[in-house]
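Input: a single structure, listed below in structure tokens.
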Ligand code: KIV
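In the numbering used here, the protein residues as written are 10 to 266.
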């Protein structure tokens with residue numbers, strides 16, 4: 010395991026882990042100084058491309074966005090989501106993870122699932138590819154987006170899966186939309202950091218989609234807190250530009266040659 014990953018794991022029980030998504034250089038370079046981890050999430054499918062599901066996101070899309078993000082990340086750990094149908098078996102997973110790492114120079118990949126991806130994680134780790142897990146609501150295979158951990162069987166399975174992911178060698182796990190007491194139990198049981206999204210403050214860290222947090226993406230989910238209204242700021246700036254051009258106030262002499 011490399012030093013960056015070891016230092017990341019050491020944050021567990023010391024300080025809360027700050028994580029956000031980025032799909033391009035400009036956003037990545039702004040958030041890098043505040044983050045421990047920047048995720049190039051396949052949520053870019055719905056956020057940027059209006060896809061109804063992350064299933065339509067391709068490996069090439071993830072690679073191109075990640076190359077851009079790489080230019081903006083200097084201190085945070087950079088993790089790239091492996092998209093749907095790119096890790097159906099160990100051979101496919103290894104080939105595609107190697108491609109992601111070599112083309113994007115990211116630090117790790119993230120894959121969704123529990124027991125099903127146990128062997129895949131083991132093979133990637135054996136090949137020195139750090140892996141982040143993802144449990145709870147799994148957008149690549151979900152039939153509904155209801156929070157998980159409502160019944161005993163679901164709770165037992167998710168807790169079992171978290172232990173399996175740790176055993177396979179994952180360095181951290183995203184817990185998406187998981188009932189609070191289950192998130193607490195998982196966080197207290199495993200030795201690697203849990204990063205929650207809709208999974209309570211009991212997790213070792215939190216992740217949000219940056220576009221949701223800054224108010225650029227129209228989403229109303231219980232787990233999202235809108236910290237800014239960038240849409241309004243863009244509107245104000247563009248309206249001012251329009252007015253200036255119309256009134257021949259822009260470009261002025263200062264902006265001309
Ligand atoms: O795709 C994504 O952005 C994610 C986060 C929501 C954790 O997986």
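Here a beta-carbon is modelled for each residue, glycine too, at the ideal position from N, C-alpha and C. Just so you know, these numbers come straight off a predicted model, no measurement behind them.
Exercise. Taking the C-alpha atoms as reference points, what is the distance between residue 229 and residue 222?
Worked result: The residue you call residue 229 lines up with position 220 of the chain shown. The residue you call residue 222 lines up with position 213 of the chain shown. When rounded, the distance between both Cα atoms is 11 Å.
Problem set entry | Sufficient close CB pairs (3 or more, under 8 Å) joining the segment 54–70 to the segment 20–29 | no
For this session: Any chance you could list the alpha helix (DSSP H) runs of at least 4 consecutive residues sitting entirely within the segment 69–146, in chain order?
Result: 99–113, 127–135
Problem set entry | Chain-ordered residues, beta carbon under 7 Å from a heavy atom of ligand 1 | 30, 48, 50, 51, 52, 63, 90, 119, 143, 148, 183, 185, 206, 216, 218
For this session: Give me the Cα-Cα distance between residue 15 and residue 114, rounded to the nearest whole angstrom.
Result: Position 6 of the chain shown, counting from 1, holds the residue named residue 15. Position 105 of the chain shown, counting from 1, holds the residue named residue 114. When rounded, the distance between both Cα atoms is 18 Å.
Exercise. Helix, strand or coil for residue 240 per DSSP?
Worked result: Position 231 of the chain shown, counting from 1, holds the residue named residue 240. The answer is helix: DSSP assigns residue 240 an H, G or I state.
Exercise. In this structure, does DSSP put residue 19 in helix, strand or coil?
Worked result: The residue given as residue 19 occupies position 10 in the chain shown. Of the three classes helix, strand and coil, the one that applies to residue 19 here is helix, per DSSP.
Exercise. Alpha carbon to alpha carbon, what distance is there between residue 212 and residue 193?
Worked result: Working through the chain shown from its first residue, we reach residue 193 at position 184. Working through the chain shown from its first residue, we reach residue 212 at position 203. Taking the straight line from one Cα to the other gives about 7 Å.
Exercise. Is it a yes or a no for the segment 15–24 touching the segment 55–67, going by three-plus beta-carbon pairs under 8 Å?
Worked result: no
Exercise. Taking 9 Å as the CB-CB limit, is residue 180 close to chain D?
Worked result: Of the chains in the structure shown, none is chain D; there is only one protein chain.
Exercise. From residue 105 to residue 64, what does the alpha carbon distance come to, in whole angstroms?
Worked result: Residue 105 sits at position 96 when you count from the first residue of the chain shown. Residue 64 sits at position 55 when you count from the first residue of the chain shown. Cα-Cα distance, rounded: 16 Å.
For this session: Tell me whether residue 216 sits in a helix, a strand or coil according to DSSP, three-state version.
Result: The count along the chain shown starts at 1 and reaches residue 216 at position 207. Looking at residue 216 - three-state DSSP - the assignment turns out to be strand.
Exercise. Taking the continuous alpha helix (DSSP H) assigned at residue 38, which residues delimit it?
Worked result: By 1-based counting over the chain shown, the position of residue 38 is 29. 34–40 is the extent of the alpha helix (DSSP H) around residue 38.
For this session: Have a look at residue 280 and residue 249 and give me their C-alpha separation to the nearest angstrom.
Result: Residue 280 cannot be examined here, being either before or after the span of the chain that is shown, 10 to 266.
Problem set entry | Cβ contact (3+ pairs, closer than 8 Å) linking the segment 74–90 and the segment 107–122 | yes
Problem set entry | residue 205 - containing alpha helix (DSSP H), residue span | For this step, residue 205 is matched to residue 196 along the chain shown. Where residue 205 is concerned, there is no enclosing alpha helix (DSSP H), although the beta strand (DSSP E) it sits in stretches over 203–206.
Exercise. What whole-angstrom Cβ distance do residue 170 and residue 124 have, given they're in contact under 8 Å?
Worked result: As a first step, residue 170 must be located in the chain shown, where it is residue number 161. As a first step, residue 124 must be located in the chain shown, where it is residue number 115. Indeed they touch by this definition, with Cβ atoms about 6 Å apart.
For this session: Express the C-alpha separation of residue 246 and residue 93 in angstroms, rounding to a whole number.
Result: Counted from its first residue, the chain shown places residue 93 at position 84. Counted from its first residue, the chain shown places residue 246 at position 237. Rounded to the nearest angstrom, the two C-alpha atoms are 38 Å apart.
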